[in-house]
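Protein chains in written order, with the numbering used here: chain G, -12 to 248; chain U, 5 to 190.
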């Protein structure tokens, strides 16, 4: 005989009529052996339907209608465009990393020379190649970062299984520090909002490390520069903010974690 | 390649449920579009409430309307209202998705809940949700996990680490109170 406790999840299905005929007959027969479930059944017969309608109201995204009815959505096209750019950027970064890893010591001088040239040329390259300034700067910093050995890494997560990791290293070009934040499962429910990374230490207002967006899979990346190592701070948090970012945290906090060991 | 419904030139669509379904059975895309406009927000809201993930909620919503397109004839007017039939399918699809991904339903009072609670509309469902908030948090959780998470007594006890007997009592008392409040509403 099936354990009565293990059948409780079928009661709403039975009441809502979503069991197939065979399941329905089997459930009906077992109900007689499980009198305690009959009380739950009686309650669900009254509240199951209103419960179905009780989910808090949310608007379905506009692009969903286009997707179902086969119309191309500008929103979808724009996302695809950015995903393509992100994929190219990742390939460029990975390729760059492999390339630099294979160079030998006798090419150090050449690397230094190329790095110096790269430092001097950003304003000239940006308009010629028509690369968005922010993305160019991110690629430029990431290229710089790929040549460095990370000092440390830390992870944070929240109840929704969102994961954030921050890796940081000393800049090869000046006295600053470069950090790379990457997120997974950080789902944005509001397309009008972005996420903002904050650093905290006692007696000071929060320092913004930058604003970033996530893709449909909750993956996001932010490369930021600091004058001090990140462990000079005590805590980090990620909040939802307007796309242009905020001076101080204003939106809901999605992750907060201590940086202290 | 999009294999979705194709346009057909048919008369103007009525919003009457049985008429809509009859037209959808004849593959009238305007009928499906009218049903979508009427139900999409409710389907998406329920899927999002169960899955807590907008991407997966969109996929479930899309699957539900494709299922309606292919199997509209399965709706039995004598057994359930059209909206109930659609939302019951949505609930099942979302729970199946949770099980497939071996994810557990999120318990109440997550930050997303607070965001979700900001947008509510006056309806029977909203009334019931307000009543739910009058129950002790543990009873709300038991009902949520059983109804929206598709979890049995045993599953809930394992997930929460609370003794099976306690879970049974919470679910029984919670549902009993909810039933009483619902039947006695003015």
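All C-beta atoms in this analysis are idealised placements derived from N, C-alpha and C, irrespective of residue type, glycine included. Values in this document were obtained by computation on a predicted structure and should not be read as measured data.
Nearest chain G C-beta to residue i closer than 8 angstroms, yes or no?
| i | result |
| --- | --- |
| residue 142 of chain U | no |
| residue 66 of chain U | yes |
| residue 75 of chain U | no |
| residue 192 of chain U | The structure shown does not extend to residue 192 of chain U, since chain U is modelled only from 5 through 190, so no value can be given for it. |
| residue 163 of chain U | no |
| residue 173 of chain U | no |
| residue 123 of chain U | Low confidence applies to residue 123 of chain U: its pLDDT is 45, below 50, so where it sits in the model is not reliable, and the reading given next is rough at best. Yes - at least one Cβ of chain G is within 8 angstroms of the one on residue 123 of chain U. |
| residue 128 of chain U | yes |
| residue 157 of chain U | yes |
| residue 92 of chain U | yes |
| residue 24 of chain U | no |
| residue 86 of chain U | no |
| residue 58 of chain U | yes |
Can you tell me whether residue i is helix, strand or coil according to DSSP?
| i | result |
| --- | --- |
| residue 216 of chain G | coil |
| residue 151 of chain U | helix |
| residue 143 of chain G | strand |
| residue -4 of chain G | coil |
| residue 209 of chain G | strand |
| residue 82 of chain U | coil |
| residue 45 of chain U | helix |
| residue 91 of chain U | helix |
| residue 129 of chain U | helix |
| residue 100 of chain U | helix |
| residue 53 of chain G | helix |
| residue 32 of chain G | helix |
| residue 38 of chain G | helix |
| residue 8 of chain G | helix |
| residue 191 of chain G | coil |
| residue 73 of chain G | helix |
| residue 53 of chain U | helix |
| residue 105 of chain U | coil |
| residue 139 of chain U | coil |
| residue 47 of chain G | coil |
By the DSSP assignment, the beta strand (DSSP E) with residue i in it spans what residues?
| i | result |
| --- | --- |
| residue 199 of chain G | 194 to 199 |
| residue 166 of chain G | 164 to 171 |
| residue 185 of chain G | 180 to 187 |
| residue 228 of chain G | 222 to 229 |
Beta-carbon within less than 7 angstroms of residue i's beta-carbon, same chain only, minus the 5 sequence neighbours each way: which residues are those?
| i | result |
| --- | --- |
| residue 148 of chain G | 172 |
| residue 79 of chain U | 25, 86, 89 |
| residue 60 of chain U | 101 |
| residue 76 of chain U | 25, 28, 29 |
| residue 22 of chain U | 81 |
| residue 145 of chain G | 241, 242 |
| residue 97 of chain U | 64, 67, 68 |
Using 8 angstroms as the limit for Cβ to Cβ distance, is residue i near chain U?
| i | result |
| --- | --- |
| residue 174 of chain G | yes |
| residue 73 of chain G | no |
| residue 26 of chain G | yes |
| residue 228 of chain G | no |
| residue 31 of chain G | yes |
| residue 17 of chain G | no |
| residue -6 of chain G | yes |
| residue 236 of chain G | no |
| residue -1 of chain G | yes |
| residue 150 of chain G | no |
| residue 3 of chain G | yes |
Please report the residue range of the alpha helix (DSSP H) in which residue i lies.
| i | result |
| --- | --- |
| residue 151 of chain G | No alpha helix (DSSP H) contains residue 151 of chain G, which is instead part of the beta strand (DSSP E) from 150 to 157. |
| residue 176 of chain U | 168 to 187 |
| residue 240 of chain G | Residue 240 of chain G -> not in any alpha helix (DSSP H); beta strand (DSSP E) instead, spanning 240 to 245. |
| residue 235 of chain G | Counting along the chain, residue 235 of chain G falls outside any alpha helix (DSSP H), and DSSP gives it neither H nor E. |
| residue 19 of chain G | No alpha helix (DSSP H) holds residue 19 of chain G; DSSP gives it neither H nor E. |
| residue 156 of chain U | First-last for residue 156 of chain U: undefined, no H or E at that position. |
| residue 69 of chain U | 58 to 75 |
| residue 29 of chain U | 21 to 29 |
Suppose the cutoff is 8 angstroms on Cβ atoms and the five residues either side in sequence are ignored; what does the same chain contact list for residue i look like?
| i | result |
| --- | --- |
| residue 189 of chain G | 221 |
| residue -6 of chain G | 14, 17, 21, 24 |
| residue 143 of chain U | 174, 175, 177, 178, 181 |
| residue 171 of chain U | 146, 157, 160, 161, 164 |
| residue 228 of chain G | 180, 181, 182, 183, 198, 236, 237, 238 |
Once you ignore the five residues that flank residue i on each side, which residues in its own chain have a CB closer than 6 angstroms to its CB?
| i | result |
| --- | --- |
| residue 155 of chain U | 149 |
| residue 3 of chain G | 35 |
| residue 143 of chain G | 151, 242, 244 |
| residue 240 of chain G | 224, 226 |
| residue 141 of chain U | none |
| residue 208 of chain G | 169 |
| residue 78 of chain G | none |
Please find out if some non-hydrogen atom of the ligand FAD comes closer than 7 angstroms to the beta-carbon of residue i.
| i | result |
| --- | --- |
| residue 140 of chain U | The ligand FAD is not part of this structure, which contains no ligands at all. |
*Would you list, in chain order, the members of the segment 32 to 47 of chain U that have their beta-carbon closer than 9 angstroms to a beta-carbon of chain G?*
Taking 9 angstroms as the Cβ-Cβ cut-off, the segment 32 to 47 of chain U approaches chain G at 33, 36, 37, 40, 41, 44, 45, 46, 47, given in chain order.
*What residues from the segment 35 to 57 of chain G come within 9 angstroms of chain U, judged by C-beta to C-beta, listed N to C?*
35, 36, 37, 38, 39, 40, 41, 42, 43, 44, 45, 46, 47, 48, 50, 51, 52, 54, 55, 56, 57: these are the residues of the segment 35 to 57 of chain G whose beta carbon lies less than 9 angstroms from some beta carbon of chain U, given in chain order.
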